Structure formats: structure tokens, C-alpha cells
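K.L.:
Here it is, the structure in full.
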Amino acid sequence: MLSDDNKERVTKAVEVAKVAAHWGWVPFVIYVGFVNANPKPSLIKLLSPLA
Amino acid sequence: MSGYQQVAPGEAAPVLQQNEVAAKLHPEQPKSASESVLSPITSTYNRFMDWRKSLNLGSPGTAEAMGREAKTTLLSNFIFDGARADLTKGISLNPAFQVTHSFSLGSQQAPPNYSFGAVYADAKSFLQGAVDHTGTLTGRANQSFANLGTGKIQAQLSEVPGQSMIQLEHDYQGLDYSINGKAMNPSLVDGTGIYIGSYLQSITPNIALGLETLVQRPQPGISESLTSYLVRLSGSNRDWLATAQINPSGMLEATYHHKLSDKVDAAATLQVINRPQGKEASASLGAKYDFRMASFRGQLDSTGKVSALLEQRFTPAFAFLVAGEIDHLKNASKFGVGIMLESTTMTPEEMNAAMQSVPQPPI
């Protein structure tokens, strides 16, 4: 079983991972799409709803 | 034969024969004494596998996908009220990549909402993320690992404490069975969370039986489990499909889907809850018509609701939606209109070139 110290570390790590996923996930999906897309789009066309 | 075959999603994963495994593990070794000792076992195993293949049972699909045909025919999952607009921009077809802006307004149930999402899909992975104006993220990621099935993560992350959830899942489809394991909000520290395991096995080409066990650990030291039984029956020429999930605590969920023709689907669902406190049941019956540029869904249910949804495509890039529901018992109604606009940054030539081979992502 985990010691109290380690429990705290795990909780902290999960918290950090959660914040990273919260702010990083959509940019990550866009980055993966942008890199692999064929043909390559321009960034402004990617983000604006109208262009 | 190459050791790492590509497996299309939905297709049964190739099963390694015992002798193939042995050949892979010891490629150049001459036949050893231990192998000749094991040979009666491997030959029996091979005969068993050949017999099993000859039955031609087919994959039963996953336990989670049971009843999906009925759910996509009924409009309960598609109905909305108020006004909504979805602007989708296709950036690439192979691999698929698109971004979506969606707006919704004036709904009786939900506050006005704006969300921005992105989807990326190729033959091995599926990534999706959407963030709304309150900063809530919903996302999913599926990754298929050739022979080892598909791993899935689904999450909703919010600033508001207690509204975040994460679900980890693994799917494996064998020759004539499927296994699925799920963990919802698992805690690494004290092991709390909800864990679900299911197994579905084809018994004949048309019948599959299965078990699903749910273990709930709301607090450390407390755990409850519940096992339900799954049945899936289908017609020999795949025109109808019936599923049922029964658990001993007194719940029954049954669905029926019938493909009446290429363009017409009918579906029915029944849910019965039988508890000592009282019985409850609800049923719904619906149909879906596909026209060349439109689809229409109509539904009746036992709570006195009549609803309809029309999706009309004026051009391939522009669709108009109308939804309505009348609750005769409560004397209430809902009404919704929506548009869907699809644009692309690709030229028609690029589009045609990409259309040739669009991969099927692991959903």
C-alpha cells in the first residue's frame, strides 16, 4: 500500500496531469491534425469560423 | 505471412495459432524434446481452433455497441430544442481532420452555449476535443493496437470541482467473442471508482450471450457489484436485430431494430424497472426514412410523447434541421431549428484525390 507521502505525490501528479490535459488537449488535436493534414492548411483558415 | 497484420476496425483480430507463436519465439531452433512432449497438446489445440473457425460464428460486436442500431434509428439521441448552428470545416480527408464551431441558443434545458472542437482520425487513431465558452473540455482518444484491440480514453474536465470525469476503456475482439473493460473515475490512491467488465460470445451465427459485471467503490472499503446478462439475436440475413440486458436486481432493457428496406429502418426499445418500491416501464417506437437529400425520424413513446426530426440537405454543404416534440400527458412541447454548414479549405481536385481511400478510424 502507498505511504501517506506517496499518496500526496500521486494526488499532486494527477492534479497537474489534469490541468495539462484540460488546456493542452484541443491544441494537441489541432497540432496533430495540422502536421498530418494533406494538403496543409493555413493557420488562419483553421481557426476562424468564416474564412 | 508478416507478424504484424493490419486489422481493420470491426474485423475480427487474427488469432495466432499455437505453432505460429512457437515459431515466432524460437525461429531457428531445431525441434527440441519439450516440443515433442507438447505436440499432443498443440495438435489438440489446433484441431479445436480449426473446428471453431469452421463454425463461422462471426464477431458478436462489443457489449457496448449492443442496441446501437436501435439508438441511431430512434430520435431520442438527436432531438434538440431552441436554435443551433454547426459550422464544420473539413481540412483534410485522409487522414480526416476537421474543426467545428457550434452555437446553441434558447433551449429550455440548457443555457446558451458556444463550443469549438477539432477531430482527427486515421486508420489507427481517433482524437477528438471540444472546449466550450465556460472552459469545460470534453475529449476522447482511441488508439488501436493491431492484434491487441483498441484502447479508449474519454474525459470531461471542468473548472467546477466534482464535474470532471475520466473513463479508461479497453476493447478486444476475438474470433467469435469480445471483451471490454472500463474504469470510470478510477483513483490511483484509494481504488475508488466504477469498474465494468463485459464478455460477449457468439453461440451460433445468430445468437450471442454475454455477461457484464459492474463493481462500484464509492468509498475505500465499500464495494458493490452487480452482474447482468446480455443476449443478442439477429436474423440470418442481418435484417433484424434484438438485444436484451437483464439484471437480477430487476432491470430489463430490450431493443429491437428492423431494416424494412434500404431506406426505412424501424426500432423499438423497452425498459422495465421492477423494484420492491414499485414497477416502472417505458417503451418507445420509432422509424427513420432516408431520402436522397433528407432524413426523417418519427417516434412515439409510452410517456405520451410524439416527436419528429427532419434533416434536409439543400446542397451537400448546407443542411437544415427541424425538431419538434409534444408531450400529451404534461401538455408541453419543444421546438428546435438548426443549420449545419460544411466548408472545406480543399480545392475540388484535392478533394477527389483524397476521396479515393478514406480510412476507417477505430471508433
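Protein chains in written order, with UniProt numbering: chain L, 1 to 51; chain D, 1 to 363.
Built from N, CA and C at the ideal position, the CB exists for glycine as well.
Computed from a predicted model, the values in this text were never measured in an experiment.
(1) Does the Cβ-Cβ distance between D:E342 and D:T88 come in under 8 angstroms?
(2) For the structure I just gave you, are there three or more beta carbon pairs, one from the region 45–62 of chain D and one from the region 159–168 of chain D, closer than 8 angstroms?
(3) Please report whether the beta-carbon of D:Q6 lies at a distance below 8 angstroms from any beta-carbon of chain L.
(4) Pick helix, strand or coil for L:A21, following the three-state DSSP scheme.
(5) From the DSSP output, in three-state form, read off D:R52 for me.
(6) For D:G193 and D:P186, I'd like the C-alpha separation in whole angstroms.
(7) Please indicate yes or no: does the CB of L:P39 lie closer than 7 angstroms to some heavy atom of the ligand ZN?
(8) Can you pull the DSSP bridge partners for D:G181?
(9) Please give the ranges of any beta strand (DSSP E) in the region 236–305 of chain D, keeping only runs that are unbroken, at least 3 residues long and fully inside the region.
(10) Spatial neighbours of D:A242 within its chain, please: C-beta separation below 6 angstroms, excluding the five flanking residues on both sides.
(11) Can you find the residues in the same chain that come closer than 7 angstroms, C-beta to C-beta, to D:E28, ignoring five residues on each side of it along the sequence?
(12) In the structure shown, what three-state DSSP assignment does D:S36 receive?
(13) State the Cα-Cα distance for the pair D:V322 and D:E311, rounded to the nearest angstrom.
(14) Hey, quick one: how far does the beta strand (DSSP E) through L:L47 stretch, first residue to last?
(15) List the residues of chain D whose Cβ lies closer than 7 angstroms to the Cβ of L:L46, in chain order.
(16) To the nearest angstrom, report how far apart L:P39 and D:M346 are at their CA atoms.
(17) Which residue from L:K12, L:S3, L:R9 and L:W25 puts its Cα closest to that of D:I153?
(18) Taking its Cβ as the centre, do 16 or more other Cβ atoms sit within 10 Å of D:S228, making it buried, or is it exposed?
(19) Among D:P95, D:T73 and D:Q109, whose alpha-carbon lies nearest the alpha-carbon of D:A83?
(20) Look at D:G139 and D:F145 and say whether their C-beta atoms are less than 8 angstroms apart.
P.N.:
Short version:
(1) One-based indexing of the second sequence puts residue 342 of chain D at position 342. One-based indexing of the second sequence puts residue 88 of chain D at position 88. Yes. Within cutoff.
(2) The region 45–62 of chain D vs the region 159–168 of chain D: no contact.
(3) Working through the second sequence from its first residue, we reach residue 6 of chain D at position 6. At D:Q6, the pLDDT of 48 sits below 50, so the modelled position is not reliable; the number obtained from the coordinates is stated separately. The beta carbon of D:Q6 does not come within 8 angstroms of any beta carbon belonging to chain L, so the residue lies off that interface.
(4) For this step, residue 21 of chain L is matched to residue 21 along the first sequence. Residue state, collapsed to three classes: helix.
(5) Residue mapping note: residue 52 of chain D aligns to position 52 of the second sequence, counting from 1. If DSSP states are grouped into helix, strand and coil, D:R52 belongs with the helices.
(6) As a working mapping, residue 193 of chain D is identified with position 193 in the second sequence. As a working mapping, residue 186 of chain D is identified with position 186 in the second sequence. Their backbone Cα atoms lie some 5 angstroms apart in a straight line.
(7) The ligand ZN is absent from the structure shown, which contains no ligand whatsoever.
(8) Working through the second sequence from its first residue, we reach residue 181 of chain D at position 181. Answer by DSSP bridge pairing, in chain order: D:H170 and D:G197.
(9) Counting only runs that start and end inside the region 236–305 of chain D, the beta strand (DSSP E) elements of at least 3 residues fall at 240–247, 251–259, 264–275, 278–290 and 294–301.
(10) Taking the second sequence and counting its residues from 1, the one referred to as residue 242 of chain D is at position 242. For D:A242, same chain residues with a beta-carbon under 6 angstroms away, outside a window of 5 residues either side, are L233 and Y256 in chain order.
(11) Working through the second sequence from its first residue, we reach residue 28 of chain D at position 28. Its pLDDT being 49, under 50, D:E28 is placed unreliably by the model, and nothing is read from it.
(12) Mapped onto the second sequence, residue 36 of chain D falls at position 36. Looking at D:S36 - three-state DSSP - the assignment turns out to be helix.
(13) Locating residue 322 of chain D in the second sequence gives position 322, where the first residue counts as 1. Locating residue 311 of chain D in the second sequence gives position 311, where the first residue counts as 1. Going from the Cα of D:V322 to the Cα of D:E311 covers about 7 angstroms.
(14) Translated into the one-based positions of the first sequence, residue 47 of chain L becomes position 47. According to the DSSP assignment, L:L47 belongs to no beta strand (DSSP E) but to the alpha helix (DSSP H) extending over L43 to L47.
(15) Translated into positions along the first sequence, residue 46 of chain L becomes position 46. Residues of chain D whose Cβ lies closer than 7 angstroms to the Cβ of L:L46 are, in chain order, I91 and V99.
(16) Here residue 39 of chain L refers to the residue found at position 39 when the first sequence is read from its first residue. Here residue 346 of chain D refers to the residue found at position 346 when the second sequence is read from its first residue. A straight line joining the alpha-carbon of L:P39 with that of D:M346 spans about 7 angstroms.
(17) Within the second sequence, the letter at position 153 stands for residue 153 of chain D. Here the closest residue by C-alpha is L:W25.
(18) Locating residue 228 of chain D in the second sequence gives position 228, counting from the first residue. With 16 or more other Cβ atoms inside 10 Å of its own Cβ, D:S228 counts as buried.
(19) On the second sequence, position 83 is the one that residue 83 of chain D refers to. Closest option to D:A83, judged by alpha-carbon separation, among D:P95, D:T73 and D:Q109: D:Q109.
(20) For the purposes of this step, residue 139 of chain D is identified with residue 139 of the second sequence, where counting begins at 1. For the purposes of this step, residue 145 of chain D is identified with residue 145 of the second sequence, where counting begins at 1. In this structure, D:F145 does not lie closer than 8 angstroms to D:G139 by Cβ.
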